[in-house]
Every structure is written in C-alpha cells, then in structure tokens.
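Since the structure comes first, as structure tokens, the remarks are kept for the end.
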Amino acid sequence: SQTIHQWPATLVQPVGSPLSLECTVEGTSNPNLYWYRQAAGRGLQLLFYSVGIGQISSEVPQNLSASRPQDRQFILSSKKLLLSDSGFYLCACFVYYTEAFFGQGTRLTVV
Amino acid sequence: QKEVEQDPGPLSVPEGAIVSLNCTYSNSAFQYFMWYRQYSRKGPELLMYTYSSGNKEDGRFTAQVDKSSKYISLFIRDSQPSDSATYLCAMTTGFQKLVFGTGTRLLVSP
C-alpha cells in the first residue's frame, strides 16, 4: 500500500526566509504527485502537480515553486516567504483515477 | 462561481442522528466523485468514491451522485462522536486533477 511521508510537521519561518518542504512516496512507482495548500475555511487549493520526473505543472501564480528530482520525491520551495504563504501544505499521490492518498501535512506559519 | 460549492457548517447533531452532507458543482465533465474525512491537523483520508450517477453504500455511509442536478451527497447513519471531523467532497474529470469543496465541519455530540 502507498505511504506518503511529509516533513516537517510544523514550521515557523520569518518573512523573507527560504522554504523547502519534502514529500516522498513509498509503495508505488511513477505516481502522479500533488501539492495542495489548505487555508482555514477555504478548502484545498491545488498548487502544483507532476506526472513524472522533472515535469511540473503550476495551477496558480504564487511565490512558490516545485521540483521533482526523483520518481518518488516532490519538493515545494520558496526563495522568500510572505505572510500569505502561511497555511497547511499537503502532498498527495494518485492511485488509479479515484484514490488520492495524502500525507499528514506541514503546518507553516510565516511570522 | 466556484467549481465546487460546499456549506462550511459547522453542522451540529446529536449522537445517533442521520447526517446529510452535500456539494454542488458546475463542471458537467466531472465523472468521479469522492468524499474525504479530515480530522484536525491531519491529512484527508478517502471515505468513499462513486463513478457517474448512482448510490454507493459502505457500512454507515452512503454516497449519492445526481449528475443531472450536479449534486452529490454523503449520508451518515447512526452518527457517532468519532465522526466529528471536516468532510470534503472532491471530484475529477478523470485526468487526476481533484477539485475540492471547502469542507463541512461536523460535530456529533454524545
């Protein structure tokens, strides 16, 4: 079965600092991987998705970027964090058309 | 207009009640419909999915899809305090880009 590892679980960063969140997947090969952000009362917003190594699609313009250096590794980054980047970040992996598995998330607070 | 609309709640019910959670959507191309449960500070977990219109039952949970009305529902029978969570509907055209509702917070009191 698929397992998604996300770290760190919580993070407090000052405005203007860089960010790197990592997600790794076990139990499947060549997965489609996703980064979502969840803000209070606003549901899950799709940020990036990747169908393979080096292939990244961005859903919304923002202060973030994503990379997929290995088949089962997905990284979310920022060069300079903004206050508005605070939120709950979730990595997800799709199996078939219907089953998306999520990591446990990273709660980011930008201060 | 959002692609998927969901009442954020909170919805408060007593233990044992039947709970009805709903979403409406605007994109007629959606074919796969899912319900996720999310406990506080955790990632969402898949509860149920249905393809196209119809009903699907799994224990105390029943998912319904009415594509003609662009309306989906999740029913929870004999609700328990452990069902207290945020329930998110999600849907996709089949190309694996899930679109989520905002989630409905459910509170089941003993």
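Sequence order for the protein chains is A and B. So my numbering is basically just the index in the first sequence, starting at one, shifted up by 428. The second sequence: position 81 = 73 (my numbering), numbered continuously. Backbone N, C-alpha and C define an ideal beta-carbon position, used for all residues, glycine too.
Annotated three-state conformation of proline 446 of chain A is coil, per DSSP. For aspartate 499 of chain A, the three-state secondary structure derived from DSSP is coil. DSSP places leucine 39 of chain B in the strand class (E or B) of the three-state scheme. Taking the Cβ atoms as the reference, cysteine 81 of chain B lies roughly 7 Å from valine -4 of chain B, within the contact range of under 8 Å. Put simply, the backbone Cα of leucine 66 of chain B is about 12 Å away from that of threonine 16 of chain B. With a threshold of 16 other beta carbon atoms within 10 Å, valine 443 of chain A falls short and is exposed. The beta-carbon separation of glutamine 501 of chain A and valine 488 of chain A, rounded to 22 Å, does not stay under the 8 Å limit for a contact. Here the alpha carbons of serine 505 of chain A and leucine 492 of chain A stand approximately 6 Å from one another.
Scanning A/Thr534, A/Ala520 and A/Lys508 for the CA closest to the CA of isoleucine 432 of chain A turns up A/Ala520. Around glutamine 532 of chain A, the beta-carbon contacts reaching into chain B at under 7 Å are Lys34 and Gly35. Nearest C-alpha to phenylalanine 25 of chain B among B/Ile10, B/Thr96, B/Gly35 and B/Lys59: B/Lys59. Counting the other Cβ atoms within 10 Å of the Cβ of glutamine 498 of chain A gives fewer than 16, which makes it exposed.
Inclusion of proline 36 of chain B and phenylalanine 530 of chain A in the CB contact set at 8 Å is warranted, their separation being smaller than that value.
Here the C-alpha atom of aspartate 70 of chain B lies approximately 17 Å from the C-alpha atom of arginine 97 of chain B.
Judged by DSSP secondary structure, phenylalanine 476 of chain A falls within the beta strand (DSSP E) whose first and last residues are 472 to 480.
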